[in-house]
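Asker: As they're listed, the protein sequences go chains X and L.
With this note's numbering, the residue at position 129 of the first sequence is 129, and numbering never jumps.
With this note's numbering, the residue at position 70 of the second sequence is 334, and numbering never jumps.
All residues carry an ideal CB built from backbone N, CA and C; glycine is no exception.
Take this structure first; my questions come after.
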Amino acid sequence: MRRLVITTALAVASTAGFAQKSTADGIAEYRAMLADGNPAELFEAKGEDLWKKKRGPKNASLEQCDLGKGPGVVKGAWVELPRWFADTKRVQDLESRLLTCMETLQGLNAAEIAKAPFGKGEQANMEALAAWISAESRGAKMNLPQGHAEERRMYELGKRAFFFRGGPMDFSCASCHGEDGKRIRLQDLPNLTKNPGDGVGFAAWPAYRVSSGEMWSMQRRLNDCYRQQRFPYPGYASDVTISLGVYMGVNAKGAESIAPAIKR
Amino acid sequence: MADPMRIRAQAQGDKTTVRVLMSHEMETGQRKDAAGKTIPAWFIQEVSATHNGKPVMTAQWGPSVAKNPFLQFTIKGAKAGDKVAISWKDNRGDTRTDEATVS
């Protein structure tokens, strides 16, 4: 993949004189070429199947799972998550809510799934489910509720986590995502302290990553952000990851969700 | 068994564009795992397509094709309602066949 980036850079450099095509344009072109035939579709199909399949010790499907819009309502649920759930008395994002449903409806062990490595076993199922559920809200606008006091508290918590500096490099999320026009290597970084626009930042995940051939949910995306900051890994579906989701999601209000997107 | 393919076949004039997404690891045999052991090669070797049961394309693939490959080709003369079937066979001998209707 690195080689491809270098070739793109060279091509851009050699044509810059007359074409004025920026690197960002080149990457956008590459993504557009890949978008038709996004392998995320394979995960969507798998996720839909998993949602409807009877599994676990209780031999039940997830069709009665309440994602915030009532039991079994999937359409439009993704763009309103994370949100407050009265039954668990928690603000939950998609993954933590799925864990709840898998435990209560199917009798699976949520703590065990949360501890499992990404992309394997039940975690691979989680990613497929996230792909399908987010796809059911494709084209909808981000609209996270902030009516409950706990949702507003999580927003403030997420903001603090976003600006919290630490680790061996004294980084925070805001170091890279707090200003317009920043990039890491050749990728433009969205400014997540405000609405970065349709299909950018929070509105672009879950996504299929071509370089690794993996489907990444928001939980995995955040986990990797923390890896890049050299922070300790956050717990899967932990409050800090959910609060960051609330912070980014509320900031992105009105942005069109293109998830599951495709990434380099 | 391997996961199903996603096949879309769309007719426009006398040409039908077929788009196929296959779910496959496509392991090259060049990579090593965390323990330093070579991950054995595992990739699709043969791909074939039929239109109403008649072969219209065969391809030989190798390890350089990406994971979860995408294939697109056009068939002349296919009409809406026709059947397009795709099959692949990998180097372990696993096969998978899926069918779609031209729309």
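Using CA coordinates, which residue listed in L:E291, L:K279, L:G277 is at the minimum distance from L:W306?
Answerer: Taking the first residue of the second sequence as position 1, residue 306 of chain L is located at position 42. Of L:E291, L:K279, L:G277, the residue nearest in Cα terms is L:E291.
Asker: Following the continuous beta strand (DSSP E) through X:Y269, name the residue where it begins and the one where it ends.
Answerer: Shown here, chain X extends from 1 to 264; a query on residue 269 of chain X therefore has no answer.
Asker: Can you find at least 3 beta carbon pairs, one from the stretch 276–296 of chain L and one from the stretch 36–54 of chain X, that sit closer than 8 Å?
Answerer: yes
Asker: Work out the CA separation of X:V210 and L:Q294 for me, nearest whole Å.
Answerer: As a working mapping, residue 294 of chain L is identified with position 30 in the second sequence. As a working mapping, residue 210 of chain X is identified with position 210 in the first sequence. When rounded, the distance between both Cα atoms is 18 Å.
Asker: My output table needs one value for X:A16: the three-state DSSP class, helix, strand or coil.
Answerer: Counted from its first residue, the first sequence places residue 16 of chain X at position 16. Any reading at X:A16 must be qualified, since the residue scores a pLDDT of 42, below 50, and its modelled position is unreliable; the value itself is stated next. Of the three classes helix, strand and coil, the one that applies to X:A16 here is helix, per DSSP.
Asker: Over the uninterrupted beta strand (DSSP E) stretch that includes X:R282, give me the two end residues.
Answerer: A question about residue 282 of chain X goes unanswered here, because the residues of chain X that appear run from 1 up to 264.
Asker: Under a three-way DSSP split, which group does X:L50 fall into?
Answerer: Indexing the first sequence from 1 puts residue 50 of chain X at position 50. Residue state, collapsed to three classes: helix.
Asker: Of the residues X:P260, X:D224, X:R220, X:L186, which one's Cα is nearest the Cα of X:I27?
Answerer: For the purposes of this step, residue 27 of chain X is taken as residue 27 along the first sequence, with counting starting at 1. Closest option to X:I27, Cα to Cα, is X:L186.
Asker: Between X:A116 and chain L, is the shortest Cβ-Cβ distance under 9 Å, so that the two count as touching?
Answerer: For this step, residue 116 of chain X is matched to residue 116 along the first sequence. Interface annotation, X:A116: not in contact with chain L, CB-CB separation never under 9 Å.
Asker: To which residues does DSSP link L:L285 through a beta bridge?
Answerer: For this step, residue 285 of chain L is matched to residue 21 along the second sequence. Answer by DSSP bridge pairing, in chain order: L:R270, L:F334.
Asker: From the DSSP output, in three-state form, read off X:F43 for me.
Answerer: Position 43 of the first sequence holds residue 43 of chain X. Reduced to three states, the DSSP call for X:F43 is helix.
Asker: Using the Cα positions of X:L189 and X:G199, report the straight-line distance between them to the nearest angstrom.
Answerer: Stepping through the first sequence from its first residue, residue 189 of chain X is reached at position 189. Stepping through the first sequence from its first residue, residue 199 of chain X is reached at position 199. When rounded, the distance between both Cα atoms is 13 Å.
Asker: Can you list the residues of chain L that X:E41 reaches, using a CB-CB cut of under 8 Å?
Answerer: Translated into the one-based positions of the first sequence, residue 41 of chain X becomes position 41. Within 8 Å Cβ-Cβ: R270, L285.
Asker: Please report the straight-line C-alpha distance between L:E363 and X:P260, rounded to a whole angstrom.
Answerer: Mapped onto the second sequence, residue 363 of chain L falls at position 99. Mapped onto the first sequence, residue 260 of chain X falls at position 260. Their Cα atoms are separated by approximately 25 Å.
Asker: Among X:A24, X:W216, X:L222, X:K263, whose alpha-carbon lies nearest the alpha-carbon of X:N125?
Answerer: Sequence index remark: in the first sequence, residue 125 of chain X carries index 125 (1-based). Nearest option by C-alpha distance: X:W216.
Asker: Any C-beta of chain X within less than 9 Å: which residues of the stretch 320–335 of chain L qualify?
Answerer: A330, K331, N332, P333, F334, L335
Asker: Examine chain X for any beta-carbon lying closer than 9 Å to the beta-carbon of L:D378, and answer yes or no.
Answerer: Since the first residue of chain L shown is 265 and the last is 367, residue 378 of chain L is not available in this structure.
Asker: Using C-beta distances below 6 Å, list every residue in its chain close to L:A323, excluding the 5 sequence neighbours before and after it, in chain order.
Answerer: In the second sequence, the residue the question calls residue 323 of chain L occupies position 59. Closer than 6 Å at Cβ, skipping near neighbours: V311.
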